[in-house]
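What follows is a set of notes on a single structure, which appears directly below.
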């Protein structure tokens, strides 16, 4: 049973470009969560999605950031017009319906030049 | 939101016990988790405790919860060099996790 998959593992973008981060949850999991980890800090919640629905986006910056979890395919975290402050590790986690136990992916490390 | 505090560093000798402490502010957290993060890797779930429990033991790991003081601890018995990592405390409520800044455990041979 494969774990949570994230790709790419490392992503380099120049200021103003777009970053697209993908997350495939564990098999059978329909809940996906995105977190951001700045250097030397803990993870900060960004958004919680179920298939085709955003359940809680209280941690998402108001502009440039969006997330989706379509009926088919991975969840996507999209950052438009990236800035240096977006450089961080972005982690995805998934859980089974009704379960609090979240399983984390290896993360995508975004570097903005 | 929830504020979660952890000390930043802990250094122990191999074979000793390690105790990593965590305080939090939201007494309505229903589950409290401990995760381990090795360099460049994601988070590995170590153990968790329900908020109506005060202790949970799982092999070398013991979790203690003092709900009144909102204090959680993780004890690792017979600490090994492979336990060197960052440990995150994460109280959770309604599928939302709140992470501390992590405690970096250094195990000296």
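Residue numbers (the working numbering), protein chains in the order written: chain A, 1 to 113; chain B, 1001 to 1109.
Here a beta-carbon is modelled for each residue, glycine too, at the ideal position from N, C-alpha and C.
Note that this is a predicted model, so its numbers are computed, not measured.
Buried or exposed for residue 10 of chain A, please, with buried defined as at least 16 other CB atoms from any protein chain shown within 10 angstroms of its CB. exposed
C-beta atoms of residue 1054 of chain B and residue 1065 of chain B nearer than 7 Å: yes
Taking residue 106 of chain A as the query, report the chain B residues whose CB atoms sit under 8 Å from its CB, ordered along the chain. 1041, 1042
Go ahead and pull the three-state DSSP assignment for residue 1060 of chain B. coil
When B/1089, B/1103, B/1070 are compared against residue 1028 of chain B, the one with the closest alpha-carbon: B/1070
So is residue 43 of chain A in contact with chain B if we call contact Cβ pairs under 7 Å? Closer than 7 Å: yes.
Tell me the rounded alpha-carbon separation between residue 69 of chain A and residue 51 of chain A. 5 Å
Pair every Cβ in the segment 1010 to 1023 of chain B with every Cβ in the segment 1075 to 1085 of chain B, then say whether three or more of these pairs are closer than 8 Å. yes
If we ignore side chains and look at the alpha-carbon of each, how far apart do residue 92 of chain A and residue 67 of chain A end up? Going from the Cα of residue 92 of chain A to the Cα of residue 67 of chain A covers about 11 Å.
Counting along the chain, where does the beta strand (DSSP E) carrying residue 19 of chain A start and finish? 19 to 24
Within 10 Å of its beta-carbon, does residue 1039 of chain B have 16 or more other beta-carbons around it, so buried, or fewer, so exposed? exposed
Distance cutoff 7 Å, beta carbons only. Does residue 1070 of chain B sit that close to anything in chain A? Under the 7 Å criterion on CB atoms, residue 1070 of chain B is classed as non-interfacial with respect to chain A.
Opposite residue 46 of chain A in the DSSP bridges: which residues? According to DSSP, residue 46 of chain A bridges with nothing at all.
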